[in-house]
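Line by line, the protein sequences give chains S and P.
19 is the number of the first residue of the first sequence in this note's numbering; add one for each residue after it.
1021 is the number of the first residue of the second sequence in this note's numbering; add one for each residue after it.
Here is the structure we will look at.
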Amino acid sequence: MKHKTFFWFILPTFLAMFFFITLPIISVVIQSLHTPHENILITVENCDPFGCKKVTSIDHAATKDLKNEKPLGRFVGLDIYLDRGHLAFDQVKDHWNKSKDLFSFFSLISDLPFYKAIFFTLTFTFTVTPIMLVLGLLIALGVNSINKQLKGLIIFFSLLPMIVTPLIGSIILFWMIDSRGIVGNFLQLMFEDPNLSLKASTFLTWITLIVYGVWHAIPFSFIVFYAGLQTLPKDQIESAQIDGANTFQQTIHIIIPHIMPLITFVTLMQLMDNFRVFEPIIGFNAEAHATSLSWIIFNDLGGETRQLSAAATSSILTIFGIIILLIPVLIKTWKEFDFKK
Amino acid sequence: MNFNTSKNNKHNNLRNIIIYFLIFSWVFLAAFPFIWTFWGSFKVELDFFSIANWTNAITGENTEQTYGSPFTFVGYHGAWVQEEFWKAFINTSLVCFFVVFTSLTIGTLGAYALSRSNYKYTFWLLIMALIFRSMPPITLVAGYLPPFFEWNLWGILPTTIIVLVSINQPFTLWMLHSFFQNIPKELDESAKVDGCSQYQAFGHVIVPVMWPGIITTGLFSFLLAYNDFAVTSMLLSDENRTMIPQIAAFLGTTYTEGNVMFAVAAVVSATVPLFILIMFFQTKIVSGLTQGAVKG
Chain S
19 MKHKTFFWFI LPTFLAMFFF ITLPIISVVI QSLHTPHENI LITVENCDPF
69 GCKKVTSIDH AATKDLKNEK PLGRFVGLDI YLDRGHLAFD QVKDHWNKSK
119 DLFSFFSLIS DLPFYKAIFF TLTFTFTVTP IMLVLGLLIA LGVNSINKQL
169 KGLIIFFSLL PMIVTPLIGS IILFWMIDSR GIVGNFLQLM FEDPNLSLKA
219 STFLTWITLI VYGVWHAIPF SFIVFYAGLQ TLPKDQIESA QIDGANTFQQ
269 TIHIIIPHIM PLITFVTLMQ LMDNFRVFEP IIGFNAEAHA TSLSWIIFND
319 LGGETRQLSA AATSSILTIF GIIILLIPVL IKTWKEFDFK K
Chain P
1021 MNFNTSKNNK HNNLRNIIIY FLIFSWVFLA AFPFIWTFWG SFKVELDFFS
1071 IANWTNAITG ENTEQTYGSP FTFVGYHGAW VQEEFWKAFI NTSLVCFFVV
1121 FTSLTIGTLG AYALSRSNYK YTFWLLIMAL IFRSMPPITL VAGYLPPFFE
1171 WNLWGILPTT IIVLVSINQP FTLWMLHSFF QNIPKELDES AKVDGCSQYQ
1221 AFGHVIVPVM WPGIITTGLF SFLLAYNDFA VTSMLLSDEN RTMIPQIAAF
1271 LGTTYTEGNV MFAVAAVVSA TVPLFILIMF FQTKIVSGLT QGAVKG
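Below is the structure:
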């Protein structure tokens, strides 16, 4: 395609992405390096018949002028990145010197809000991803081996947990695990503990969120693997059967290698998807026990205060995390692109 | 296969039992929460959250005592009429319609260009789109707020629609790009030999064969707009809220006022369109999910 034609075709989408993705990213970077102005204080001497007093008050006019002059606030460099709400270098150094072993070090820094969120985000990402891969593959293998009429119905119901809005899905499960809901009730009967509540402890909240994450993600791996199983080399399977390989051996030696590219694909997509976990924390009302990077940004942005600088800094750190996870995908795209020779 | 001996048959029976057990437990886990909540949305709170006996949620004992029938539309009436959920429904419809329409229009043009060009800059545009696509949308919101407040663009639907279109462009471009790559380039070439310009070739030859791909991509644009919570809840004012942020807002207020059933009814109402969508477009959704994956 000629350069000029290409330009006109790409222009609308390019402008949309430039103004609403590229510029906002630049704005977020700049905001993360600035902090709001402090109020300018003014000290005046008030004299009345009983004597003179010095009163310090906010000079509203001067503060407003300063804000108009420099709307971004004052430049603080990387200070916000290093403050207590983010990377907290001082506190981490302090904890490192104080703690005797690694375990106590980790338990100390997991009280810092940003590290607390990182711990949950990483735990969530690296538990949900392998579990959903294995279960998705098992279900795909199962569905592949049963008769045809049921398949459409099974796929229909299987799509629900993924297609339904994550916030809605988690709210629905949250109501069911409520101590007055059916699952909560059932668990209390099973463990013979009328006070059992999945919302009360950090450990149980994490388990709940991970179970939700798996439930939400299984359909994706199931559908992709199921599609991959339709292209299995039939002659290889048949000759393996004649040679006496059982189902397990066939799966390990023929099926898994055949769908390996799909396993890589699903893994990479899921790592990035689970890294941005956010809605279930709102849906399960779990912020007291589990926070994620996305949740921190959301929390800073909301409410009356709208701490834009803090949110911007967390955003940049989150983008860094995503780019690290993205590197294998970028390399793959590089290798596959058909460059003009 | 005639090689199976009777021992093998017994083995196969056991295997089939395990397979059916696995599949039916998954289908149960996937479907039951929705069926349960749908059924419960026609009950009163004392039945939906049953302290006395969990079977009340099925039989609706308290609902019958209060309203003389085990089914009641009180929750739905409360949500749609009293709490004016219909406004959120209309806002969602507007947002989804315009997001899908605009995304597809500019996305089809862009993706076509990307699939028919293999210069270096094409690659870098695709890479940029890939990076943008993987970024959580919430990370951009801090960049939107100051200018939107400054220029009084905050809180209204058109702003949110443009933002959602732009955020979804990277995804739309990649999906349509892989559909376009399945259409042989010879088709363009032969049209051009017949005297078409590149624009005419695109409009008269390529778009007609692209419809299945465009519809599939449209479904996913719809889902992205419909399901969005982070961006819509940050960029829309209270009266312009779409359904999902409105439900999140319900959660806070209805608990304190004892109107949990309003929230349950709202949640079920927001699930119904998705249910219908899967019913009609199941194969399209499946093909969209596997697009780009199966080819490796």
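In this text, a Cβ means the ideal position worked out from N, Cα and C, and glycines have one as well.
Residue j and residue i - do their beta-carbons sit closer together than 8 Å?
i              : j              : result
residue 1185/P : residue 1122/P : yes
residue 185/S  : residue 1249/P : yes
residue 1260/P : residue 356/S  : no
residue 1077/P : residue 27/S   : no
residue 214/S  : residue 1254/P : no
residue 1242/P : residue 1120/P : yes
residue 310/S  : residue 139/S  : yes
residue 81/S   : residue 55/S   : yes
residue 142/S  : residue 228/S  : yes
residue 1127/P : residue 1239/P : no
residue 90/S   : residue 99/S   : no
residue 1155/P : residue 58/S   : no
residue 1264/P : residue 1247/P : yes
residue 202/S  : residue 216/S  : yes
residue 241/S  : residue 1306/P : yes
At a CB-CB cut-off below 8 Å, which residues of chain S make contact with residue i?
i              : result
residue 1264/P : 183, 185 and 186
residue 1138/P : 355, 356, 357 and 358
residue 1243/P : 181
residue 1127/P : 31
residue 1257/P : What residue 1257/P touches in chain S: nothing, since even the nearest Cβ is about 14 Å away.
residue 1152/P : 35 and 39
Starting from the beta carbon of residue i, find every residue of chain P whose beta carbon is closer than 9 Å, and list them in chain order.
i             : result
residue 268/S : Neighbours of residue 268/S on chain P: none; closest Cβ ~12 Å, over 9 Å.
residue 235/S : Going along chain P, no residue has its Cβ under 9 Å from residue 235/S, so there is no contact; the nearest lies around 12 Å.
residue 342/S : Neighbours of residue 342/S on chain P: none; closest Cβ ~11 Å, over 9 Å.
Run down chain C in chain order and give the residues with a C-beta less than 7 Å from the C-beta of residue i.
i             : result
residue 160/S : As a matter of chain content, chain C is missing from the structure shown, whose protein chains are S and P.
Quick one: which chain S residues come within Cβ less than 7 Å of residue i?
i              : result
residue 1218/P : 19 and 23
residue 1132/P : 27
residue 1235/P : Simply none; closest approach about 16 Å.
residue 1114/P : Within 7 Å Cβ-Cβ: nothing; residue 1114/P doesn't reach chain S, min ~18 Å.
residue 1221/P : Those within 7 Å of residue 1221/P in chain S number zero; the least Cβ separation is about 10 Å.
residue 1050/P : 175, 176, 178 and 179
Since residue i meets chain S, which of its residues come closer than 9 Å, beta carbon to beta carbon?
i              : result
residue 1285/P : Going along chain S, no residue has its Cβ under 9 Å from residue 1285/P, so there is no contact; the nearest lies around 12 Å.
residue 997/P  : In the structure displayed, chain P extends from 1021 to 1316; residue 997/P sits before or after that span and is not available.
Alpha carbons only, please: which of the options is nearest the one belonging to residue i?
i              : options                           : result
residue 1095/P : 1306/P, 1288/P, 1307/P and 1298/P : 1288/P
residue 276/S  : 291/S, 252/S and 212/S            : 252/S
residue 299/S  : 333/S, 258/S, 230/S and 81/S      : 230/S
residue 1033/P : 163/S, 115/S, 315/S and 317/S     : 163/S
residue 1369/P : 1098/P, 1054/P, 1129/P and 1116/P : The structure shown has nothing for residue 1369/P, since chain P only spans 1021 to 1316.
residue 160/S  : 97/S, 105/S, 245/S and 84/S       : 245/S
residue 187/S  : 297/S, 351/S and 42/S             : 297/S
residue 1045/P : 157/S, 204/S and 351/S            : 157/S
residue 1072/P : 102/S, 308/S and 200/S            : 200/S
residue 20/S   : 1228/P, 1136/P and 1170/P         : 1136/P
residue 222/S  : 307/S, 314/S and 87/S             : 307/S
residue 1281/P : 1222/P, 1039/P and 1070/P         : 1070/P
residue 1234/P : 1262/P, 1218/P and 1199/P         : 1199/P
residue 1105/P : 1116/P, 1284/P and 1067/P         : 1284/P
Just the chain P side, please: which residues come within less than 8 Å of residue i by C-beta, in chain order?
i             : result
residue 49/S  : 1162, 1163 and 1166
residue 101/S : What residue 101/S touches in chain P: nothing, since even the nearest Cβ is about 16 Å away.
residue 210/S : The premise fails here: residue 210/S is roughly 16 Å from chain P at the closest Cβ pair, so nothing lies under 8 Å.
Below 7 Å on C-beta distance, what does residue i contact in chain P?
i             : result
residue 199/S : 1069
residue 92/S  : Going along chain P, no residue has its Cβ under 7 Å from residue 92/S, so there is no contact; the nearest lies around 16 Å.
message: Is it the case that the stretch 1280 to 1294 of chain P contacts the stretch 1054 to 1063 of chain P, given that we only count it when at least three CB pairs across the two stretches are under 8 Å?
response: yes
- request: Specify whether the stretch 35 to 50 of chain S and the stretch 1154 to 1169 of chain P touch according to this definition: at least 3 beta carbon pairs, one from each stretch, less than 8 Å apart.
  value: yes
query: Hey, which unbroken runs of the alpha helix (DSSP H) at 4 residues or more fall wholly within the stretch 120 to 166 of chain S?
result: 120 to 127 and 131 to 162
Every unbroken alpha helix (DSSP H) within the stretch 1203 to 1290 of chain P, with a cutoff of 4 residues, ordered by chain: Taking only runs of at least 4 residues, the alpha helix (DSSP H) segments lying wholly in the stretch 1203 to 1290 of chain P are 1205 to 1213, 1227 to 1247, 1250 to 1255 and 1263 to 1277.
message: So, does the stretch 163 to 181 of chain S touch the stretch 1041 to 1054 of chain P, judging by three or more C-beta pairs under 8 Å?
response: These segments touch.
Secondary structure, alpha helix (DSSP H): runs of 4+ residues fully inside the stretch 1095 to 1151 of chain P: Whole alpha helix (DSSP H) segments, 4+ residues: 1105 to 1135.
message: Assess contact between the stretch 282 to 292 of chain S and the stretch 249 to 266 of chain S, defined as three or more Cβ pairs (one per stretch) separated by less than 8 Å. Is contact present?
response: no
- prompt: Looking at C-beta atoms only, is the number of pairs between the stretch 344 to 353 of chain S and the stretch 1140 to 1156 of chain P that lie closer than 8 Å three or more?
  reply: Touching, yes.
query: Mind pulling the alpha helix (DSSP H) runs of 4 or more residues that sit fully within the stretch 284 to 314 of chain S?
result: 297 to 301
- prompt: Are at least three pairs of beta-carbons, each pair with one atom in the stretch 125 to 134 of chain S and one in the stretch 146 to 156 of chain S, less than 8 Å apart?
  reply: no
field: In chain order, each alpha helix (DSSP H) run of at least 4 residues that lies wholly inside the stretch 39 to 121 of chain S
entry: 41 to 50, 78 to 87, 97 to 100 and 107 to 116
query: Does the stretch 71 to 88 of chain S come close enough to the stretch 1203 to 1221 of chain P that 3 or more CB-CB pairs lie under 8 Å?
result: Verdict: no, contact absent.
message: Report the start-end ranges of each alpha helix (DSSP H) in the stretch 217 to 264 of chain S that is 4 residues or longer and not cut off at the edges.
response: 220 to 247 and 252 to 260
message: I want to know whether the stretch 200 to 210 of chain S touches the stretch 102 to 122 of chain S - three or more CB-CB distances under 8 Å.
response: Look at the beta carbons and you see the stretch 200 to 210 of chain S not touching the stretch 102 to 122 of chain S: under three pairs across the two are nearer than 8 Å.
- prompt: What residue ranges within the stretch 170 to 197 of chain S form continuous alpha helix (DSSP H) runs of no fewer than 4 residues, ordered along the chain?
  reply: 184 to 195
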